[in-house]
Structure formats: C-alpha cells, structure tokens
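Below is one structure, written out as structure tokens; comments come after it.
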Amino acid sequence: MNALITRFAIPSLLMLVLHAVPAFCATFVTTAVSDTSIYQNHPDYNLGGTTLVSGTNQQFSNSRALFSFDLSGIPADAIVTSVQVALYVTRRPDPDQHGGPVNSDFSLYRVLQNWTEGSGGAVTGSPAATGDTTWGELHFNTTGANWATPGGQIGADFASAPSATTSVGDVGLYLWGSSPDLVSDVQSWLNSPSSNYGFALISESENVAGTARRFASSEQPGGSIPAPTLTVTFQSAPEPGKLLFILIGCVAACACRRKDRAVFNG
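Taking mature numbering (1 follows the signal peptide of the UniProt record, and there is no 0), I'd label the letters of the sequence shown as residues -25 to -1, 1 to 241.
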C-alpha cells in the first residue's frame, strides 16, 4: 500500500512543486558593445571610434547612429517584460550659428542587417577601412550585402516602424521605452541571437537643419556621462537544481511523516 501511495504521490508532489515555485524576476543592465555613426556628407567615412551623431546638421547633411548590445547575460528561457534604452546627448548645434538647434523626435529602429563598427575618429570620422560600415556602403569596399539605399532604408535595412520614440532637445539623458515593440525586439534576439543587429537611432525630422545631436558612445571616458545603456526586466524559471533540491526535501519530509505514522500505529 505504501509503495502504491509513493508511486502516485511523488509525481503529484513534483507537479505541486513546479506550480508552487514561481518564476523569478530580475533586471539586466548593460552598455553597448558596438556602436558607430554614418554621415551623408562623408559617405566613405566611418565614425566607429568617436561619439555618436544622428539628425541633420546646419548644412542639411544627415547622420544616423547604430548600436548593439550583448544579451548573453540573460537566461535563454527568459520572458522579457520591460525594456528601456538610455542615451546621453553630449552636444547640440551652436545657438549662435545658422538658426541654432531644433528639437525633434528621435526613434529607435531595429536593424535588419549585420554591420561593422569600425574605428574612425575625429568629429566627422575618417576614411573607412575595408569592411567598415559607412553611409555609402554597408561594408565598405566589399562585395555582397549592401544598403537598400545609401544610409540604410526604413522597411528594408531597418524595421518598417520605430520601436520607441523620444523628443530630444538639450544636453542630458534621454530614455526610450519601455514599449511593446522594444520588448518584442529583445525577446526575438534572445530567441534568435544571430538576428541581434541592435538599433538605428534616426531623427523623425531628417532634412530639418539643426536637429543633429551628438550622443555618448561606448568610447566615452568613464565618469558621469553614460554610454548607450540597455535595461531589461525579465522572468525566468528557477534553475533545475533548485527545483530538485526542493523536491528532495518534500519527498524526505513525506518519508519522515510515514515513518512517524508507522511508529505511532505500531
């Protein structure tokens, strides 16, 4: 009789343990591992070694920034519940020149093509090395995949709709998200890491002079100005070892109770 009880009790106990132990909630914070900018006025230049730039300068030339994050610190079975991206504006156009700065909405678009950071420095970058990402070519001076149009095309090289949008004005910290699309982006990258090409930062008022902004990059010196930062909140099931430990404890407790009952009845 005891064997029969044990036979049915242990599987039932396991099911109770699996339902009784909730998924834990955690937060993962990381900074960009790759980032670069592409500049319309210098289509063969790379800006991977300097601050990020996006928007339209006072000479009506557009720029776009690209950045990506390493998500390997998040469990593969995680369910993403919240995503936030933080970027810090380090500079805006001079108020005394060409009409001054113009505020605009900046959006994050999921990137659909693999790109290369490069190491171009200086204010407007430097001539690209072979394989670097530029405005003119996805991988400079190589054959194969390229931008659908120079600078990348929304709906082809980038997702057709933004994942999050924020109005950007003065120097300071700006936040994007959380939004359902950002959550979906990160979840898809966890499910398929090879598709993680990060985000493109694009002004929704391109071709409006004065919307350009410089943003801190991963090359930013340490201090109070942060590099591009991703914050992910997620849920994940407890580790199998912890579940096994709990189950063994429950089985042992049941065994002790049966032993005590046998002694009492005896």
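Don't be surprised by glycine CBs; every beta carbon is placed ideally from N, CA and C.
Only a predicted model underlies this, so the values are computations on that prediction, with no experimental measurement involved.
Leaving aside the five residues that flank Val8 on each side, the residues in its chain whose CB is nearer than 6 Å to its CB run, in chain order, Asp45. For Leu46, there is no enclosing beta strand (DSSP E), since its DSSP letter is neither H nor E. DSSP places Leu62 in the uninterrupted beta strand (DSSP E) bounded by 54 to 66. Distance from the CA atom of Ser169 to the CA atom of Gly74, rounded to whole angstroms, is 44 Å. Between Phe115 and Ala175, the C-beta spacing is not below 9 Å.
Residue pairing from DSSP leaves Thr118 without any beta-bridge partner. When the Cα atoms are used, Pro76 and Leu205 turn out to be separated by approximately 27 Å. Residue pairing of Gly147 in beta bridges, as defined by DSSP: Val64. Linking Asp80 to Pro102 through their CA atoms gives a straight-line distance of about 30 Å. Distance from the CA atom of Gly147 to the CA atom of Ala212, rounded to whole angstroms, is 38 Å. Taking all protein chains in view, the Cβ of Leu150 is surrounded by fewer than 16 other Cβ atoms within 10 Å, so the residue is classified as exposed. Per DSSP, reduced to three states, the secondary structure at Val4 is strand. DSSP places Asp160 within a helical segment (H, G or I) once states are collapsed to three. Nearest C-alpha to Glu92 among Thr11, Thr26, Glu181: Thr11.
Inter-segment contact for the stretch 29 to 45 and the stretch 184 to 195 is present: three or more beta-carbon pairs are separated by less than 8 Å. Membership of Ser12 in the beta strand (DSSP E) is indicated by the continuous run 9 to 14. Excluding its 5 nearest sequence neighbours in each direction, Val58 has C-beta neighbours in its own chain below 6 Å: Gly152, Ser153, Leu157, Val158, Val161, Val207, listed in chain order. For Leu83, the uninterrupted beta strand (DSSP E) segment begins and ends at 79 to 85. In the structure shown, Ser170 adopts helical secondary structure according to DSSP, grouped into three states.
DSSP, reduced to helix, strand and coil, places Pro203 outside both helices and strands of the structure shown, so it counts as coil.
Under the DSSP assignment, Val28 falls in the beta strand (DSSP E) whose first and last residues are 27 to 31.
Between Gly95 and Gly24 a beta carbon distance of about 6 Å is seen, short of the 8 Å cut, so the two are scored as contacting. Inclusion of Trp110 and Leu41 in the CB contact set at 9 Å is not warranted, their separation being larger than that value. One thing to note: Ala131 has its Cβ no nearer than 9 Å to the Cβ of Ala139. Thr141 is positioned such that its CB atom lies no closer than 9 Å to that of His17.
Within the model, the alpha-carbon separation for Val60 versus Ser135 is close to 19 Å. As far as DSSP is concerned, Leu113 takes part in no beta bridge.
Under the 10 Å beta carbon count, Ala191 is surrounded by 16 or more other beta carbons and is classified as buried.
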